[in-house]
Every structure is written in C-alpha cells, then in structure tokens.
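Structure, as structure tokens:
Okay, here's the thing in structure tokens:
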C-alpha cells in the first residue's frame with residue numbers, strides 16, 4: 001500500500017515539477033530536499049516611492065548593526081535604474097536579525113548622495129521604519145526593523161528631500 005502511495009506521490013511531483021509549480025515544497029515534503037535553510041532566513045522587500053524623476057538610479061543599502069550604519073559595509077546593497085513608481089527591490093537570504101535600510105535617488109548616477117551648503121543632501125533619500133533625522137541622519141535604532149526566520153517583510157520607504165518633502 002505505501003509503495004503505491006509513494007509511487008503516486010513521485011509521479012505527482014514529476015508532473016508538477018515539469019510544470020514548474022511547487023517544486024521545492026513538494027520535494028521537501030517527500031523528504032528529498034532539505035529546505036531548512038529557507039526557513040532559517042528572511043526576505044526583505046523594499047518598495048520605494050517619492051523619487052522625483054526616472055533619471056539616474058535608486059540605491060538601497062541594508063545595514064545589520066549600528067557600527068556599520070551608513071558606512072561602506074552594508075549587509076546587502078543594490079542599485080537599479082529609476083523608473084516607474086513604486087520601485088521594488090528584494091533582498092533574499094538575510095539572517096534573522098535587526099536591520100535598518102537607507103535608500104536614495106542618485107539622480108546623476110555619480111554614486112554619491114550629493115549635498116549643497118552645510119552638507120544638506122540635494123538628492124531625495126529615506127530610511128526604514130519611517131525614521132527621520134534632525135540636523136543629521138536618522139539613527140540605526142530609529143530605522144531598525146526586525147526580520148524573523150521564515151519572514152517576508154515588506155518595507156515602504158518614501159524618499160524625500162532634506163526638508164521632508
């Protein structure tokens with residue numbers, strides 16, 4: 001009896017795999033695939049709005065601690081061409097932890113957050129958790145979000161100028 005059921009399950013798995021649907025979960029349920037690592041990581045989707053044009057690039061950096069916050073060593077980083085709003089960037093395989101996100105619109109694609117007098121940014125930017133800085137950047141703690149094992153978190157960030165608009 002079990003042999004017939006196992007054979008039917010394998011045939012069903014092969015049919016579904018041929019269609020490209022549910023391949024990993026089904027294989028895991030049959031004991032042929034270890035998806036423990038997928039359960040032990042988290043996915044972060046960042047949705048950006050508020051960028052002023054389709055020129056340049058959007059830069060999003062995910063930081064894992066206050067020591068690296070806004071530095072050159074983020075846990076994850078990506079740049080995409082600016083386009084229609086909202087823009088969506090997905091970071092997969094993040095270890096469960098506390099993170100903070102900084103995003104900005106590099107309108108002239110020079111790789112820097114440009115600033116004017118008194119080092120006030122001239123390009124639009126934003127932080128996770130709706131954080132805002134006062135007379136400087138927001139703190140890691142203000143922008144902190146928690147990602148738990150197996151979680152798919154969606155973070156909405158509205159880019160704004162230094163004045164918040």
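Numbering (full-length UniProt numbering), first residue to last: 1 to 165. Each residue gets a CB set at the ideal place from its N, CA and C atoms; glycine is no exception. Nothing here was measured: the structure is a model prediction, and the numbers come from that model.
How would you label residue i, buried or exposed, when you count the other beta carbons within 10 angstroms and need 16 or more for buried?
{"i": "residue 48", "result": "buried"}
{"i": "residue 106", "result": "buried"}
{"i": "residue 128", "result": "buried"}
{"i": "residue 102", "result": "buried"}
Identify, in the order they occur along the chain, each residue of the same chain with its Cβ nearer than 6 Å to the Cβ of residue i, setting aside the five sequence neighbours on each side.
{"i": "residue 76", "result": "62, 91"}
{"i": "residue 80", "result": "58"}
{"i": "residue 55", "result": "107"}
{"i": "residue 65", "result": "none"}
Along the chain, where does the alpha helix (DSSP H) that runs through residue i open and close?
{"i": "residue 110", "result": "From DSSP, residue 110 is part of no alpha helix (DSSP H); its letter is neither H nor E."}
Residue range of the beta strand (DSSP E) that residue i falls in?
{"i": "residue 158", "result": "152-158"}
{"i": "residue 145", "result": "144-147"}
{"i": "residue 165", "result": "Unbroken run through residue 165: none, as it is neither H nor E."}
Verify the contact flag: residue i, CB atom, against every heavy atom of the ligand PLP, threshold strictly below 7 Å.
{"i": "residue 54", "result": "In the structure shown, the ligand PLP is absent, as is every other ligand, since no ligand is present at all."}
Among the residues of its own chain, which have a CB less than 8 Å from the CB of residue i, if the five just before and after it don't count?
{"i": "residue 149", "result": "39, 40, 41, 42, 96"}
{"i": "residue 165", "result": "none"}
{"i": "residue 67", "result": "none"}
If contacts are defined as beta-carbon pairs under 8 Å, then residue i and residue j qualify, I think. What distance do you get, rounded to the angstrom?
{"i": "residue 50", "j": "residue 112", "result": "Not quite, the Cβ-Cβ distance comes to about 19 Å (not below 8 Å), so this is no contact."}
{"i": "residue 154", "j": "residue 45", "result": "5 Å"}
*3-residue-minimum beta strand (DSSP E) runs that sit fully inside the region 59-142, ordered along the chain*: 76-81, 87-94, 97-106, 125-127
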